[in-house]
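Enquirer: Its first residue numbered 1143, the sequence shown is counted upward by one per residue in the working numbering.
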Amino acid sequence: MDIEKLIKENLGTIVDVRTYGEFMGGNVANSINIPLSEIPERIEELKALKAPLILCCVSGGRSGQAHHFLSQYGIECYNGGSWLNVNYYKSLSK
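#1: Go through the segment 1155-1198 residue by residue and report every complete run of the beta strand (DSSP E) that reaches 3 residues or more, in order.
#2: Check the DSSP bridge columns for ASN1221 and list the partner residues they point to.
#3: Secondary structure at ASN1152, three-state DSSP: helix, strand or coil?
#4: Would GLY1154 pass as a contact of LEU1195 if the rule is Cβ separation under 9 Å?
#5: Between the alpha carbons of ASN1172 and GLU1218, how many angstroms are there, rounded?
#6: Is ARG1160 buried or exposed, if buried means 16 or more other CB atoms sit within 10 Å of its CB?
#7: Assign SER1235 to one of three DSSP states: helix, strand, or coil.
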């Protein structure tokens, strides 16, 4: 699936896995913040979100870890990489 298209067409949910402090320093409009360290204890919450999940962080490293973990639980998700890139695609949304 084309991540850029998913974001532009507002399909799914953008989940920022950075820390709360990083998230408060700037984030994608309408994204939710679930830090990487909290993902295991918030699996049910993540399963309840509108799929697919587009995961983002600073560079794509933490969102890549989150993608690997969540995929093992059968959650449809994609590594969106940097939140700045996701934010750019979001700014182009219809």
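C-beta: ideal position from N, C-alpha, C; glycine also.
Expert: From the atom records:
#1: Runs of the beta strand (DSSP E) lying entirely within the segment 1155-1198, each at least 3 residues long, are 1155-1158 in chain order.
#2: ASN1221 is bridged to LEU1197.
#3: DSSP, reduced to helix, strand and coil, places ASN1152 outside both helices and strands of the structure shown, so it counts as coil.
#4: Contact flag set, yes.
#5: Distance between the alpha carbons of ASN1172 and GLU1218 is about 19 Å.
#6: Buried, because 16 or more other Cβ atoms sit within 10 Å of the Cβ of ARG1160.
#7: Coil at SER1235, not helix or strand.
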